[in-house]
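Residue numbers for the sequence shown follow numbering that gives the first Met the number 0, beginning at 0 and rising by one. Note that the Cβ used here is the ideal one computed from N, Cα and C, for glycine as well. Remarks on the structure that follows.
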Amino acid sequence: MRFVVGVSVMAVLLAAADVPDRPFAVGVLRRDGIVVPFAAFDGRKWSSPWPKPALELTVPIDVRSVPSNWWGPTGPLDSWEAWAGASERQPIHVSQPDWIDAHCLRQIGLRTDYRASEFPPPPHERPYPKDGLAVSPPQPIERIESVPPTSGEATAMSAVLLDAFNDAERQTARKFNHPIKTGVRERITPTIEAMYAHGGDPRVYYVESLREYRTAGTHECTLAAFGTGWFVRESGTYRALSMVVDALNCDRLGASYMMPLGVARLGTRVFWLVQFSGWDHERYVVIEPKARAVDAVLSVWGGGC
C-alpha cells in the first residue's frame with residue numbers, strides 16, 4: 000500500500016511540474032504582423048483580459064501605456080514567440096499597439112516585426128488571414144496535423160462519422176420541417192472537407208463534413224447539411240465525442256470553419272487553441288478534449304457584422 004501511495008504522489012508531482020510556473024498569454028498572429036491576444040493562463044485557469052472588438056477605440060501610444068488589466072496575469076508583454084505553419088518558432092517584438100478592422104468593428108492589437116512569407120492582403124480582407132499562434136513568455140506548443148480527407152485514417156473513421164452525422168442531423172431535423180426525408184438523407188455519405196488531428200493513442204480528431212441535397216434532373220443544390228464533430232481513436236477503435244449538423248442554404252452563409260493554431264499541454268491536460276470563422280465573424284477558442292466529451296473552456300469573440 001505504501002508503494003502504491005508513493006507512486007500516486009510521485010505521479011501528481013510530475014504532472015504538476017509540467018504546468019508552467021509563470022503565467023503566459025496566447026494570441027492570433029495575423030499575416031500583417033499584428034498579434035491579437037485572446038487568452039491568458041495563470042497556472043490554474045484560462046481567462047480573456049484583452050479588450051474585445053468595438054466601434055470606438057482608444058489605442059495606447061506604446062506598450063507601457065497599455066492598461067494593466069488588459070494584460071491580466073502576465074503583465075506587459077513586448078516580446079513573443081511566433082508559431083507560424085510548419086516553420087520553426089521565431090522571436091518577434093512589439094513596436095506599438097495599433098488598431099485593425101475586425102469585420103464590421105475594430106480591434107486593438109500589437110504591431111510586431113514579424114514578416115510573413117506571403118504578401119499580406121488588404122486590411123479589409125475578412126476573415127483576415129492568420130499565419131499561426133503567438134505565445135509569451137515562450138511556452139512549448141504542439142502542432143495540430145492536417146489529415147488528408149482521402150487518407151487511411153479518414154477511411155477508417157467513415158462508418159463512425161456516418162452514424163454520428165445521421166444522429167446529429169436527426170436532432171436538427173426535429174427543429175424544423177426538413178424538406179428531405181430521413182431515409183433519403185441517410186443514403187448519402189457525408190464528404191469530409193477538412194480533418195485535423197493531434198496525439199498518438201489516444202488520437203483526437205476534428206472533422207468538417209458536408210452532405211448536399213440536390214434536385215433530380217438538374218442536380219441543383221437545394222440544401223446543405225454541414226457537420227462539425229470531434230472523434231477519438233483509442234487502441235485502433237474510433238468513436239464520436241461530439242457532433243453537430245447545421246442545415247444551411249447552399250452558399251453556407253453562417254457556417255464556421257476551424258483554423259487550428261496549436262496545442263498547449265499543461266500537466267495532464269491538453270488544450271487545442273483554434274480560430275472559428277466565416278465571412279462575417281470570427282472567434283478564438285480554447286478547447287479541452289476529454290475522455291467522453293469536449294469542453295470549450297474559453298470562447299472569445301473576434302469581431303463580426
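- Using a Cβ distance threshold of 8 Å, V262 and E141 count as a contacting pair.
- Counting only runs that start and end inside the segment 181-264, the alpha helix (DSSP H) elements of at least 4 residues fall at 181-184.
- In this structure, DSSP gives V34 an extended state, which the three-state scheme calls strand.
- In the DSSP assignment, Q89 falls within the unbroken beta strand (DSSP E) covering 89-101.
- Proximity of the segment 199-209 to the segment 275-282 falls short of the contact definition, fewer than three beta-carbon pairs being nearer than 8 Å.
- Annotation for D130: no alpha helix (DSSP H) segment contains it, though the beta strand (DSSP E) segment containing it runs 129-135.
- In the structure shown, V58 falls within a coil segment according to DSSP collapsed to helix, strand and coil.
- Classified as exposed, V58 has fewer than 16 neighbouring CB atoms from the shown chains inside 10 Å of its CB.
- Taking the CA atoms as reference points, V62 sits about 28 Å from W271.
- Within its own chain, the residues whose Cβ lies closer than 7 Å to the Cβ of P22, once the five positions on either side in sequence are excluded, are A39, F40, D41, G42, P72, T73, listed in chain order.
- Of the residues Q95, I191, R110, K51, the one whose Cα lies closest to the Cα of S145 is I191.
- Assigned with DSSP and collapsed to three states, P288 falls in strand.
- In the structure shown, G151 adopts helical secondary structure according to DSSP, grouped into three states.
- Following the DSSP letters along the chain, one finds W82 inside the beta strand (DSSP E) bounded by residues 78-83.
- Selection R30, K180, E281 evaluated against A101 yields E281 as nearest (Cα-Cα).
- Annotation: W69 to G182 spans about 53 Å, alpha carbon to alpha carbon.
- T111 carries a strand assignment under DSSP once its states are collapsed to helix, strand and coil.
- When only Cα atoms are considered, C249 and G303 end up about 21 Å apart.
- The criterion of a C-beta distance shorter than 8 Å is satisfied by I143 and P259.
- 8 Å or more divides the Cβ of L222 from the Cβ of P189.
- Under the three-pair Cβ rule at 8 Å, the segment 169-180 does not count as touching the segment 152-161.
- Apart from the 5 residues on each side of it in sequence, M242 sits with its Cβ closer than 6 Å to the Cβ of A163, A167, G228 in its chain, given in chain order.
- Within the same chain, and ignoring the five residues on either side of I107 in sequence, the residues whose Cβ sits closer than 7 Å to its Cβ are P50, L56, V58, P96, W98.
- Sequence-distant partners of A81 (beyond 5 residues in either direction) whose C-beta falls short of 6 Å from its own C-beta, in its chain, are L28, Q89, I91, Y113, A133.
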